[in-house]
Structure formats: structure tokens, C-alpha cells
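Each residue of the sequence shown is one higher than the last, beginning at 47 in the numbering used here. Beta carbons: idealized from backbone N, C-alpha and C, even for Gly. A quick write-up on the structure given underneath.
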Amino acid sequence: PGRLRQVVTILVFDLGGPLLAYALLRSAGLSAVAALVASGVLPAAGIAIGAVADRRLDIIGVMVLAGILVGTILGLTSHNARLYLLEGSVPSVVFALACLFSVRLRRPLIFRLAVEILGPDTPKGRDVTAAWRYPVYRRAFQVITVAWGVGYLVEAGIRVAVIAQTSTGFALVFSKLVPYAFALALSAWTLAYGEHEKKKTERAALGKAERAALGKAERAALGKSRARRPAKGRARRLIQAYTLVRCPAR
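Pasting the structure below:
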């Protein structure tokens, strides 16, 4: 149910709803800026509904609302549709910079978001939090956080270029779709990278265990060899003594 609600919210309030509202308002004779501002009400409503349903407002929702507010102010004061569309780049840039700066903190932003999404009190959330004590695990999340930061800086740059060079309608569609395309691509890369690091760690642990077992076997064999040598020496000395007693020298 939770995932279904998220998908419906994205389709209705973030993608389909705003695009349909913009097209209808433009066909009704409204200016591009007025149609953009009015269609921006739907994403804000979607965030509000999600916050009420979850009983909390997450950091992503705050950044999106801030972007909508900035875009609305720019659009209404400048009457420039391109400036309004730039509001979509604000959350991307803020998120990217937050990722890059958080690498220097105790725990990077992607790790915090992963724990928040999984739920800190769920078994998976507790497992993720507990695994933070391993250096390999910490390094993996630092790499992932840097990748997401750089990725969203690239996304914001591409969006700005498209807004500056194309029509308002095309730029609006592109601005709505490109963040999800980058999110899907980065999520797929994150899963692949995480699986790669997991297998690499497992191979390293297996190799270490094999080396430890081999060393133990070698030490055991060496110990047995040393134990046999004194026994052979004692047997030789006993034979020599017996020979001297039975066959004394003449």
C-alpha cells in the first residue's frame, strides 16, 4: 500500500497532473508564467498529503517546497517562464551540495537517508546502522554519496541548459522527467556497486579464512614433525646401549 501510494502520488501530483494542468491552462488563454505557477500547486499538495499520511515532512519534501516557492517568486516578479522553470534545479543543487559536504561529516547524507527510508526501528534499519562500524561499509557509503552528489550536479546543469535553449512546454516536460531518470539510474548503479563491494568483501574474508586454516594446518604438521624427531633419537640411543651391554667391546 505504501509503495502504491507513492507511485500514485508521483504520477498524479508530480508528473501527469502538473503537465495536464499546464496544457489546459495554456489552452484556456493563460500566460506561460500563470499556467506554471498554477500547475505548481499540485506538487505542493502532493507533498502536503504525504506529510499528513506519514505524520512527518522529510528533507526531500522541504527542498521541493523551497524550490516551488523560489520559482513562484521569480516567475511572478520577473514574468519570465524560464526563471520559473529554474526552480526545479534548486532542490537538485541543494541536494547535491549537501551530499558532497556530508562526506566530511560523521555519517554521509545517503546513509542517513537509507536509514530513514528503511526505518531506524525496523530490522533492516538496525542492520544498516549496526554495519556502520565496519570501515569497508563506511567507505562504500562515502563513495555512493559522492556519486549521488556529482550526479545531481550534472542533472541540474543539463536541466538549466535545456530550459535556456528550448520552448517552455518542452522544458517543463523535461524538468519533470529528468530527476526521476537520474534517480533511477543512480539507484541502479548504487545497487550494482553495493553488490560488487559485498562480493569483494566476501572474497576477501574467504581468502583470509583459507589462509588462516592453511597456516594452522602447517603449524600442526610442523609440530608433529618435531614430536617424531626426539622419539626417533631416543629409540636410536636405546638400541646403541643394548648393543653395548650384550656385546661388550673386547
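The alpha helix (DSSP H) with residue i in it runs from where to where?
i	result
Thr168	That residue, Thr168, is in no alpha helix (DSSP H); it is neither H nor E in DSSP.
Phe59	Neither: Phe59 is in no alpha helix (DSSP H) and is coded neither H nor E.
Leu103	Taken as a continuous stretch (DSSP letters only), Leu103 belongs to no alpha helix (DSSP H), as it is neither H nor E.
Tyr180	Neither: Tyr180 is in no alpha helix (DSSP H) and is coded neither H nor E.
Leu143	135–148
Leu131	127–131
Which of the three DSSP states is assigned to residue i in this structure?
i	result
Pro154	coil
Trp235	helix
Val53	helix
Ser77	coil
Ile242	The sequence shown places His at residue 242, not Ile. DSSP places His242 in helix when its eight states are reduced to three.
Gly86	coil
Ser213	coil
Leu65	helix
Can you tell me which of the options puts its alpha carbon nearest to the alpha carbon of residue i?
i	options	result
Ala227	Ala142, Tyr239, Gly197	Gly197
Leu61	Ala234, Phe220, Ser73, Ala229	Phe220
Asp173	Val161, Arg184, Ala142, Ala81	Val161
Thr55	Ala90, Ala217, Asp167	Ala90
Val206	Val136, Arg185, Tyr180	Val136
Leu199	Pro181, Glu248, Val110, Ala144	Ala144
Ala67	Leu50, Gly86, Gln52	Gly86
Arg102	Ala202, Gly165, Gly240	Gly165
Ala99	Gln52, Ala112, Asn126	Gln52
Ala234	Ala81, Arg72, Leu223, Trp194	Trp194
Leu57	Lys222, Glu243, Tyr239	Lys222
Ile106	Leu159, Thr214, Val208, Glu243	Leu159
Ala81	Tyr180, Gly203, Leu218	Leu218
Should the stretch 131–149 be called in touch with the stretch 88–104, which here means at least 3 C-beta pairs below 8 Å?
no
Okay, do the stretch 183–201 and the stretch 151–160 touch, 3+ Cβ pairs below 8 Å being the bar?
yes
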